[in-house]
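With this note's numbering applied, the sequence shown corresponds to residues 654 to 979, in that order. The C-beta atom is built at its ideal place from N, Cα and C for all residues, glycine as well. This one's a predicted model, so the numbers in the text were calculated from it and none came from an experiment. Only one structure is covered here, and it is reproduced in the block below.
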Amino acid sequence: MAKIDISKERLVQLYIDQNLPSTKICKLFGCCKATILKRLKENKIHLRAPGHKRVDVSKTELQEFYLKKKMSSRKISKVFGCHYSTIDRKLKKYEFNLRDRADSHIIYPRRKFSGDLLEHAYLLGFTIGDLRTKTGGSCSKTIYVACGSTQESQLELFKNLFQKYGRIWSKRCKGKINMEAYLDLSFSFLLNKKAGNWIFENNKTFYSFLAGFSDAEGSVFVSNGKARYSLGNYDSPLLNKIKIKLEQLGFICTKLQCDNLRGYVGKDGYCRNHDYWHFCINRKQHLLSLFECLAPYIKHPQKIKDIKRAKNNIITRNKIYFANKR
654 MAKIDISKER LVQLYIDQNL PSTKICKLFG CCKATILKRL KENKIHLRAP GHKRVDVSKT
714 ELQEFYLKKK MSSRKISKVF GCHYSTIDRK LKKYEFNLRD RADSHIIYPR RKFSGDLLEH
774 AYLLGFTIGD LRTKTGGSCS KTIYVACGST QESQLELFKN LFQKYGRIWS KRCKGKINME
834 AYLDLSFSFL LNKKAGNWIF ENNKTFYSFL AGFSDAEGSV FVSNGKARYS LGNYDSPLLN
894 KIKIKLEQLG FICTKLQCDN LRGYVGKDGY CRNHDYWHFC INRKQHLLSL FECLAPYIKH
954 PQKIKDIKRA KNNIITRNKI YFANKR
């Protein structure tokens with residue numbers, strides 16, 4: 654008996670698209686049911702379970718599950734009790750723009766970065782100072798931005814910066830809050846933690862960058878009755894570049910100092926891989942001028958409170974100074 658020639662396309666049309674049972678298909682080709690089942694397996698066409706009923710999925714339903722809820726074809730197939738290949742064919746039939754593998758993993762809505770230069774500068778400063786960034790790989794469409802802190806105010810700031818752009822995940826563990834934001838590829842500029850020359854060429858972008866960096870690594874405090882500003886980081890070349898720019902703007906800074914603690918193992922058991930560097934601004938008038946310049950850009954709730962306290966300290970000291978001169 655000659656072998657019956659049945660193409661895969663014809664089998665898909667009859668068995669999948671028209672949902673005909675194998676008993677009807679075998680009559681069309683004048684063969685037994687076993688032959689049809691064998692050809693289906695040879696062509697890797699998923700066999701329906703016994704008693705399977707035709708699944709009717711409308712375009713409106715697919716819009717709801719695939720487009721609005723961002724469900725994959727595999728998850729949608731479970732809703733309708735069919736094989737995912739059935740859903741894939743329906744999506745093609747209704748001419749849906751199919752998501753690739755990277756898109757299929759994006760469930761929550763995202764927005765592209767605003768493109769605002771000052772926001773760019775601030776986020777870059779904050780990221781260099783305190784955040785970890787990575788991408789999921791060459792095919793990924795997600796930028797992961799993360800940090801950990803024991804401060805509630807840090808979580809508040811992190812949310813305020815990124816929640817308008819994507820999903821925020823957070824978890825508490827042993828008194829520490831771990832946070833992560835899932836952003837689209839327009840935030841790729843955060844992967845390269847370098848402050849380009851454009852940051853320092855314009856005063857507004859510099860102050861915005863410095864505000865972000867200060868929100869992450871700066872300290873505003875009162876010590877021995879005097880307000881002070883300190884900026885520290887492991888990146889001494891960057892700190893020196895910031896210090897030079899501040900001095901060009903008329904601020905008097907202390908020397909860049911090193912703690913010389915490379916290799917030191919702390920009480921937590923972690924070894925310091927690098928030395929930590931910092932410099933300060935201590936003069937009253939220079940502090941007031943710096944706070945004035947940073948005011949439009951500082952976003953950390955605690956830093957805002959610290960600056961207010963430092964300014965009150967300076968105002969009080971000035972009142973005492975002028976009162977004593979009379």
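Which residues DSSP lists as bridging residue i, in chain order
i, result
"Ile698", "Note: Ile698 sits in no beta bridge, so no partner."
"Cys800", "Met832"
"Thr788", "Ile796"
"Gln910", "His931"
"Val918", "Cys924"
"Gly820", "Before going on, a small fix: residue 820 reads as Arg here, not Gly. BP columns for Arg820 point to Tyr835."
"Asn886", "Trp930"
Span of the alpha helix (DSSP H) around residue i
i, result
"Val732", "Ser726 to Phe733"
"Ser675", "Ser675 to Phe682"
"Lys956", "Pro954 to Lys978"
"His927", "First-last for His927: undefined, no H or E at that position."
"His773", "Leu770 to Asp783"
"Asn813", "Glu805 to Phe815"
"Ser738", "Tyr737 to Lys746"
"Lys661", "Lys661 to Leu664"
"Glu714", "Lys712 to Leu715"
Whole-number beta carbon distance between residue j and residue i, since they are thought to touch under 8 Å
i, j, result
"Tyr835", "Tyr797", "7 Å"
"Asn893", "Leu914", "The pair is not a contact, with the Cβ atoms about 19 Å apart (cut-off 8 Å)."
"Arg970", "Asn935", "That belief does not hold up - the Cβ atoms of Arg970 and Asn935 are roughly 12 Å apart, past 8 Å."
"Gly801", "Thr795", "In fact, because the Cβ distance is near 20 Å, the residues do not count as touching under 8 Å."
"Lys898", "Phe853", "5 Å"
"Leu947", "Phe904", "Not quite, the Cβ-Cβ distance comes to about 11 Å (not below 8 Å), so this is no contact."
"His931", "Ser883", "6 Å"
"Asp766", "Phe862", "The sequence shown places Phe at residue 766, rather than the Asp named in the question. The Cβ separation is near 16 Å, so there is no contact."
"Leu814", "Leu771", "13 Å between Cβ atoms; not a contact."
"Phe682", "Ile657", "5 Å"
"Ala976", "Leu940", "Contact doesn't hold; Cβ gap of about 21 Å is too wide."
Residue range of the beta strand (DSSP E) that includes residue i
i, result
"Ala948", "Note, Ala948: premise wrong, no beta strand (DSSP E); not H, not E."
"Ile934", "Trp930 to Ile934"
Identify every run of the beta strand (DSSP E) within the stretch 824-884, keeping only runs that are complete inside it and at least 3 residues long; order them along the chain.
829-836 and 871-876
Does the stretch 923-938 come within contact of the stretch 883-897, defined as at least 3 CB pairs closer than 8 Å?
yes
Counting Cβ pairs, one atom from each stretch, are 3 or more of them under 8 Å apart for the stretch 826-833 and the stretch 737-747?
no
Should the stretch 842-853 be called in touch with the stretch 806-826, which here means at least 3 C-beta pairs below 8 Å?
no
I want to know whether the stretch 941-956 touches the stretch 863-874 - three or more CB-CB distances under 8 Å.
yes
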